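If you want this note's numbering, it's the 1-based position in the sequence shown plus 162. Even glycine gets a Cβ: it sits at the ideal position worked out from N, Cα and C. Nothing here was measured: the structure is a model prediction, and the numbers come from that model. Structure record follows, encoded as structure tokens.
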Amino acid sequence: MIQKPYKINYYVGETPLKLPLLFIITICSTTLLSAPIFAHSCELNGNTAEDIMKYNQCVANQGSDSKLDEFRSSYEREIARLTSENIRLERRIAKIKNALATIMSTY
Numbered sequence: 163m164i165q166k167p168y169k170i171n172y173y174v175g176e177t178p179l180k181l182p183l184l185f186i187i188t189i190c191s192t193t194l195l196s197a198p199i200f201a202h203s204c205e206l207n208g209n210t211a212e213d214i215m216k217y218n219q220c221v222a223n224q225g226s227d228s229k230l231d232e233f234r235s236s237y238e239r240e241i242a243r244l245t246s247e248n249i250r251l252e253r254r255i256a257k258i259k260n261a262l263a264t265i266m267s268t269y
């Protein structure tokens, strides 16, 4: 006899635990995703040599970030191309297997 798995319902007060968890995950993910938007603003705060060096370093880092984004997008395009080629080749192999099975079944 096969036993059915038990379903456990977790509650916080009168509400299921699933809803508060989804709310917390949503808040955390929006907070983490919005943080990089404000992370790359360079502002010159003063006229001292140290402030100017910090500003120049920030601007230089932004240039390298854009290069990294270009590399990342080119890699993503390459991965998408290879994935589609892989799917195409898997379908081709399946057709060849079917053809071989048909040939083998006739002999």
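In angstroms with no decimal places, state the Cα-to-Cα distance between residue i and residue j.
i, j, result
"L230", "L262", "47 Å"
"L184", "E238", "30 Å"
"A256", "S236", "30 Å"
"M215", "I249", "51 Å"
"A222", "T192", "28 Å"
"N207", "D213", "6 Å"
"L244", "L251", "10 Å"
"T188", "Y217", "34 Å"
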